[in-house]
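These notes are about the structure you will find just below.
Here is the structure:
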């Protein structure tokens, strides 16, 4: 784990907190699967309503998260993620969508941005790469779900572009935290998928297989937009290696929950 992050536990509920964002007063982090009230094969701190968990248990997990981190669930927004590069700017009118309003109009969306203070943005992961962005100068944040499909479509870079076009952000002012996700140690892909990546992000294995480095690729996509290298922080926590602490789809297949990345504009 990178020293820019630390683990925090509240009544057994686990969080990974990015120090650079916390230092600036931002409530942001990544949940673990530890703690929570979910039962069965996805027991723990699950935030996915569509993975076979009790809706009441999932909602209670959200209440626990909001209580631990000090934000209002009625000002919290989630999207229906579908591995796109679609990004939505949200306002106070969107509060509660994806939590109290499951069938909301925020569909086919994998990144959220806002400049509204007190709003909490959330994305779900279970091996995919979560990216949190904060611009302290303009007062804007983003939460990005960068699965491999979204990554090769440059969703992290496009989120930076969205912050610039919507809020007047400058890339050099933006801080980024790349959270727990499947690492280059474990993300094995076939040749057809590997063809979508530059060679420098691949390690060739036997039998036509490869391993891909989504962490470095997302870092470079942010750098390409002008985010300063010293402002990009990678947790270096692999969810597949740490499946005892994090939900991992590749480890548990359909019998897995979802952790979240969250960020609240101060």
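In the UniProt record's numbering, the protein residues as written are 1 to 266. Just so it is clear, CB atoms sit at the ideal spot from N, CA and C, and this is done for glycine as well. These figures come from a predicted structure and were not determined experimentally.
Per DSSP, what kind of secondary structure is residue 62 in: helix, strand or coil? helix
Use the C-beta contact count for residue 175: other C-beta atoms within 10 angstroms, 16 or more gives buried, fewer gives exposed. buried
Can you tell me where the alpha helix (DSSP H) holding residue 249 begins and where it ends? 249-252
From 16, 10, 12, pick the residue whose C-alpha is nearest to that of residue 4; which is it? 16
Buried or exposed: which applies to residue 39, given that a residue is buried once 16 or more other Cβ atoms fall within 10 Å of its Cβ? exposed
What's the call for residue 232, buried or exposed, on a 16-neighbour Cβ count within 10 Å? buried
If you draw a straight line from the alpha carbon of residue 97 to that of residue 224, how long is it in whole angstroms? 32 Å
Label residue 85 either buried or exposed according to how many other C-beta atoms from any shown protein chain fall within 10 Å of its C-beta, with 16 as the threshold for buried. buried
Mind checking residue 50: buried by the 16 CB within 10 Å criterion, or exposed? exposed
I'd like to know whether the C-beta atoms of residue 30 and residue 184 end up nearer to each other than 7 Å. no
Return the CA-CA distance between residue 188 and residue 124, expressed in angstroms with no decimal places. 21 Å
Would a C-beta distance cut-off of 7 Å place residue 127 and residue 45 closer than the cut-off? no
State buried or exposed for residue 10, treating a residue as buried only when at least 16 other CB atoms are found within 10 Å of its CB. exposed
Write down every uninterrupted run of the beta strand (DSSP E) in the stretch 145-226 whose length is 3 residues or greater and which is fully enclosed by it, in chain order. 175-178, 202-204, 210-212
Would you mind reading off the limits of the alpha helix (DSSP H) that contains residue 73? Run containing residue 73: none; DSSP gives neither H nor E here.
Can you look up residue 42 in the DSSP assignment and give me helix, strand or coil? helix
Going by DSSP in three states, residue 22 sits in which element: helix, strand or coil? helix
Spatially closest choice to residue 52 from 149, 169, 256, by CA coordinates: 256
Count the other C-beta atoms from every protein chain shown that fall within 10 angstroms of the C-beta of residue 100, then say buried if there are 16 or more, exposed otherwise. exposed
By the 10 Å Cβ neighbour count, where 16 or more other Cβ atoms means buried, how is residue 1 classified, buried or exposed? exposed
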